[in-house]
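Enquirer:
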Ligand code: ASP
């Protein structure tokens, strides 16, 4: 029988109402999860082991927490007795943890991240159902080689595509560009689309990477202070297929002159970067400047990829080589 290791990190899935605190607080541990999963309604579960990490609301994660969790997951998948790992996590930054695992843990064993939108003391709490689905996905041979997966609401999403779409809905996770890659149907795990992995092997993340989202008419005055504070990278969520106002070109150039890596993505929820224009600030200007293109990765994931690439690069030339190695 296979063995799945659960790493419990906190989040709403582990929270319940506490009258003294006057709201929901962390209250379920890994062993509570395992106990609640077992029963006549859940036949065929694998052997389960568990450990705690945190626990934390996911908005409290630092880059060190994130990397520390990555190290725990990596150790678990490298254990020959473990067939897959499930991480219970707050939904707020869940997609970032999942993406980091996908990007930096090269194992073929499934790494499934799950959470919940309702607290455990609320009617309709979906945490245990999500956890059971994640355990089933993690123990499925069909899920091997697909990297990190996000499993909620019986849907299986690739970490690269998925994002939190809604502040309250149970169906908050979706992959707006390409849809889920599979589903958990009772005890069956169905994978309908296989994704190719993009891996950067590194041993830490460069933390000094800042994310700027463009809005109409926004000045670029905060780029220089970021450089002054020691930024090693900046990510710009540009307009549409990759366009910035002309005055952002100078700021981007100043960042690069100071050996700060600049990656660009789009503020649109879906789609790759490209445009045919030759007006100032459009795609070709960003390309000519040597910006790194995040394409379909959203801003927060582009930032993580830049943090990983920067940890290996000693100059911007090397950074570009690492950035584009193995990608289109
Ligand atoms: N409080 C939460 C978090 O830790 C939100 C959630 O889990 O849904 O992200």
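Residue numbers (this note's numbering): 1 to 328. Every residue, glycine too, gets a C-beta built ideally from N, C-alpha and C. Keep in mind it's a predicted model, so treat the numbers as computed, not measured.
Which runs of the beta strand (DSSP E) fall wholly inside the region 31-119 and span at least 3 residues, in chain order?
Expert: DSSP runs (the beta strand (DSSP E)) wholly in the region 31-119: 47-52, 84-88 and 111-114.
Enquirer: Which term fits residue 328, buried or exposed, when burial requires 16 or more other beta carbons within 10 angstroms of its beta carbon?
Expert: A caution first: residue 328 carries a pLDDT of 37, below 50, which makes its placement in the model too unreliable to give a value.
Enquirer: Rounding to the nearest angstrom, what Cα-Cα distance links residue 237 and residue 43 in this structure?
Expert: About 46 Å.
Enquirer: If you run the structure through DSSP and keep just helix, strand and coil, what is residue 317?
Expert: Correct three-state label for residue 317: helix.
Enquirer: Out of 144, 119, 9 and 5, which has the shortest C-alpha to C-alpha gap to residue 60?
Expert: Ranking the options by Cα distance to residue 60, first place goes to 9.
Enquirer: Could you check what DSSP says for residue 21 in three-state terms: helix, strand or coil?
Expert: Note: residue 21 maps to coil in three-state DSSP.
Enquirer: Have a look at 39, 5, 52 and 177 and flag the residue whose alpha-carbon is nearest the alpha-carbon of residue 27.
Expert: Taking only the C-alpha atoms, the option nearest residue 27 is 52.
Enquirer: Below 8 Å on the Cβ atoms is my contact criterion, and I expect residue 70 with residue 100 to pass it. Report the Cβ-Cβ distance as a whole number of Å.
Expert: Yes, residue 70 and residue 100 are in contact; Cβ-Cβ is about 6 Å, under 8 Å.
Enquirer: Taking buried to mean at least 16 other C-beta atoms within 10 Å of its own C-beta, is residue 164 buried or exposed?
Expert: Buried, by the Cβ-count rule.
Enquirer: Enumerate in chain order the residues of its own chain whose CB-to-CB distance from residue 25 is below 7 Å, with the five nearest sequence positions on each side excluded.
Expert: Hits under 7 Å: 15 and 18.
Enquirer: Rounded to whole angstroms, what is the Cα-Cα separation between residue 35 and residue 266?
Expert: Distance between the alpha carbons of residue 35 and residue 266 is about 44 Å.
Enquirer: Beta-carbon within less than 7 Å of residue 166's beta-carbon, same chain only, minus the 5 sequence neighbours each way: which residues are those?
Expert: 172, listed in sequence order.
Enquirer: Residue 135 lies in the alpha helix (DSSP H); which residues open and close that run?
Expert: Per DSSP, residue 135 belongs to the alpha helix (DSSP H) from 127-138.
Enquirer: Express the C-alpha separation of residue 202 and residue 118 in angstroms, rounding to a whole number.
Expert: If I take the Cα positions, the gap works out to 36 Å.
Enquirer: Let me make sure I understand the geometry here. Which of 245, 68, 11 and 292 has the alpha-carbon closest to that of residue 280?
Expert: Among 245, 68, 11 and 292, the Cα nearest to that of residue 280 belongs to 245.
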